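Structure first, then comments.
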Ligand SMILES: [Zn+2]
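Numbering (our numbering), first residue to last: 19 to 303.
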């Protein structure tokens, strides 16, 4: 059931039902039955999906990767910006959840808007669960999109007890997101999905970050990520982002090794080859 599907019940100018019309059954109570598991779609299917409202999907190639498809950047930011503040951004605390005013101030301090603080998102389910526990402890009132997210994270945990789940966010095509950008965002985020759910791949990425990159190369990548507000003290996040940018971000508007790192093509290709040695086949171009 979708809220959109029942909204007309409340329109004040709705025509009264003709007497002979069969009464339409009332929608079931909100929590009468568990929500169904989100559909499994391949990468192409996710790409062509059009979200009219926040929609949970799962990646058929790896069902522990949940892709939350949002109709707008604003909707995506509403769901995930507080998580970005807690888990990723350099200027915000790692151990305390921000209220709405503090979150808005943090975004403004980055000279960004809630729409473009990030264009895509990726988290471990376990980290989002910790965020919701912190929100409860702080008696923080979640916004409606966060409440939707929480409902689906509860479902994810019920479907995948005791294992890690990757939770990704992507925006629909819109005024600031064209088709190539959406494809690049999806591919980049799916790569994070693999990192979060495939420990051997993650260990390989960490080994390449620590031993395959030179110190100067790590510094170039940290500097690039710092310009996007990332907390560069988190080595695992640095390695995960380095992998996703170098292997799976084809749109040069988002990432260009020469422009963003000062690397030659050969230098980028040397690292790409190391990262690819144990990379899973998906996601594809
Ligand atoms: Zn990323």
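By construction, the Cβ of each residue, glycine as well, lies at the ideal position given by its N, Cα and C atoms.
Please read all numbers here as calculations on a predicted model, not as lab measurements.
| Query | Result |
| --- | --- |
| What are the boundary residues of the alpha helix (DSSP H) that residue 263 is part of? | 253-266 |
| Between which two residues does the alpha helix (DSSP H) holding residue 99 run? | 91-105 |
| From the DSSP output, read off the bridge partner residues of residue 161. | Paired residue(s): none; residue 161 is not in a bridge. |
| Please report how far the alpha carbon of residue 135 lies from the alpha carbon of residue 249, in whole angstroms. | 14 angstroms |
| Leaving out five residues before and five after residue 298 in sequence, what residues of the same chain have Cβ atoms less than 7 angstroms from its Cβ? | 212, 216 and 219 |
| With H, G and I counted as helix, E and B as strand and the rest as coil, what does DSSP make of residue 87? | strand |
| Please tell me whether, using a cut-off of 7 angstroms, the distance from the CB of residue 262 to the nearest non-hydrogen atom of ligand 1 is below it. | yes |
| Is the Cβ-Cβ distance between residue 203 and residue 188 less than 8 angstroms? | yes |
| What's the gap between the Cα of residue 105 and the Cα of residue 112? | 6 angstroms |
| Use the C-beta contact count for residue 291: other C-beta atoms within 10 angstroms, 16 or more gives buried, fewer gives exposed. | exposed |
| Check residue 217 in the structure and name its three-state DSSP category. | helix |
| Going by the CB atoms, is the gap between residue 150 and residue 175 shorter than 8 angstroms? | no |
| Straight-line CA distance for residue 86 to residue 62? | 15 angstroms |
| For residue 285 and residue 200, I'd like the C-alpha separation in whole angstroms. | 27 angstroms |
| Express the C-alpha separation of residue 261 and residue 177 in angstroms, rounding to a whole number. | 28 angstroms |
| Taking its Cβ as the centre, do 16 or more other Cβ atoms sit within 10 Å of residue 234, making it buried, or is it exposed? | exposed |
| CB-CB under 6 angstroms to residue 195, same chain, minus the five flanking residues each way: which ones, in chain order? | 189 |
| Taking all protein chains shown into account, do 16 or more other C-beta atoms lie within 10 angstroms of the C-beta of residue 70, making it buried, or fewer, making it exposed? | exposed |
| Using 8 angstroms as the cut-off, can you tell me whether the segment 224-232 makes contact with the segment 74-94, which would need three or more C-beta pairs spanning the two stretches below that distance? | no |
| Shorter than 8 angstroms from the beta carbon of residue 261 to some beta carbon of chain B? | Among the chains of the structure shown, chain B does not appear; only one protein chain is present. |
| In whole angstroms, what is the alpha-carbon distance linking residue 281 and residue 275? | 5 angstroms |
| Whole-angstrom Cβ separation of residue 91 and residue 147, contact assumed at under 8 angstroms? | Contact flag wrong, Cβ pair sits at about 25 angstroms. |
| Can you grab the Cα-Cα spacing for the pair residue 287 / residue 119, in whole Å? | 44 angstroms |
| Decide if residue 247 is buried, meaning its Cβ has at least 16 other Cβ atoms within 10 Å, or exposed. | buried |
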